[in-house]
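For reference, the structure discussed in these notes is given below.
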Amino acid sequence: MNNEFPKLSSKEFKILQLLISSGEMFGLEMIESSEGELKRGTIYVTLQRMGDKGYVESREEPRTHPEIGIPRRKYSATGLGEKVFQTNLKAQEFFNSDLAWGGII
Amino acid sequence: MGNIIKKLDEFRSSNSFFLFGFLNSFFVICFSIKQLIYIDRFITNFYLVFFLLGGILSFWGFGEIILRRLNNEDYFLISSNNFLKIADFVFTQKTRKEVFEPIFADWQEEYFEALFKKEIGKARWVNVRYTYAFVAAMWMKSPIGDLIEFVIKIIKIAKP
Chain A
1 MNNEFPKLSS
11 KEFKILQLLI
21 SSGEMFGLEM
31 IESSEGELKR
41 GTIYVTLQRM
51 GDKGYVESRE
61 EPRTHPEIGI
71 PRRKYSATGL
81 GEKVFQTNLK
91 AQEFFNSDLA
101 WGGII
Chain B
1001 MGNIIKKLDE
1011 FRSSNSFFLF
1021 GFLNSFFVIC
1031 FSIKQLIYID
1041 RFITNFYLVF
1051 FLLGGILSFW
1061 GFGEIILRRL
1071 NNEDYFLISS
1081 NNFLKIADFV
1091 FTQKTRKEVF
1101 EPIFADWQEE
1111 YFEALFKKEI
1121 GKARWVNVRY
1131 TYAFVAAMWM
1141 KSPIGDLIEF
1151 VIKIIKIAKP
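Residue numbers (this note's numbering), protein chains in the order written: chain A, 1 to 105; chain B, 1001 to 1160.
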């Protein structure tokens, strides 16, 4: 078993945050919701890496109006993705708290 | 004069110019990276001129050609096929399906939405934006891109 702490990059953290709060989303929806944090050129590379790690899963959504063109992909967070996100969130909260610094700050 | 303009238009719509624009975008990224590495000094004037020319040509050539092709009924399939052929040559089917096809799907979505609203300027901008997105994704997925990112990290760490 791999006991290494699953650290998320800022982009991965944002993607999981969006997917957990909003459910299934298209890549473009994530870009629009991220307010400039996620870019068109990098989001799918990041999503692919996250898919390989088992944090997200995707399915093809056929086009409806019009019914031509490349089908779009909808992404959702997996159970592991949610767990990793919660772990990172807690670690971040702890790091920012007084407790982590023994009341120094 | 009219003949020359017609010839120029033909050239601008040709596949060779399409490839030229694509290569230029690639060079622009290469020089940007080089500039990032040597952050403390500006790269020689030659590179600067090349960088600017590359940027202008990418916008003018690449964006314009894509827009021209969009005016043909069967444009989009032809163009995305051209891009995807380049991706097929370098990357696996998995990467094509999970990285490049979603980019084109979004491209189509935004482009047709702009056309539907008759916002030609926005459609033009969408083309430029996604051309850049495609090149950026190619760069991120390429082993050279990974290697240069690794070198940049090392340089940043090593800097006093």
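Heads up, the beta-carbon is just placed ideally off N, CA and C, and yes, glycines get one too.
Check                                                                                                             : Outcome
The segment 1100 to 1120 of chain B in contact with the segment 1129 to 1145 of chain B per 3-pair CB rule at 8 Å : yes
Buried/exposed call for K11(A), threshold 16 Cβ in 10 Å                                                           : buried
Assigned exposure category for Q86(A) - 16 Cβ within 10 Å defines buried                                          : exposed
Those residues which DSSP pairs with K7(A) across a bridge                                                        : The partner list for K7(A) (beta bridge, DSSP) is empty, contrary to what the question assumes.
C-alpha distance - L47(A) paired with V56(A), whole-angstrom precision                                            : 7 Å
For A1087(B), three-class secondary structure by DSSP                                                             : helix
Alpha-carbon to alpha-carbon, S1142(B) and Q1093(B)                                                               : 14 Å
Rounded Cβ spacing between R1129(B) and R40(A) (contact assumed at less than 8 Å)                                 : 6 Å
Buried or exposed by the 16-neighbour rule on C-beta atoms within 10 Å, applied to Q92(A)                         : exposed
C-alpha gap between K1085(B) and I43(A), whole angstroms                                                          : 21 Å
Span separating the alpha-carbon of N88(A) from that of V1151(B)                                                  : 28 Å
Extent of the continuous beta strand (DSSP E) to which Y55(A) belongs                                             : Counting along the chain, Y55(A) falls outside any beta strand (DSSP E), and DSSP gives it neither H nor E.
Coil, strand or helix - K1117(B) by DSSP                                                                          : coil
Secondary structure of K1153(B), DSSP reduced to three states                                                     : helix
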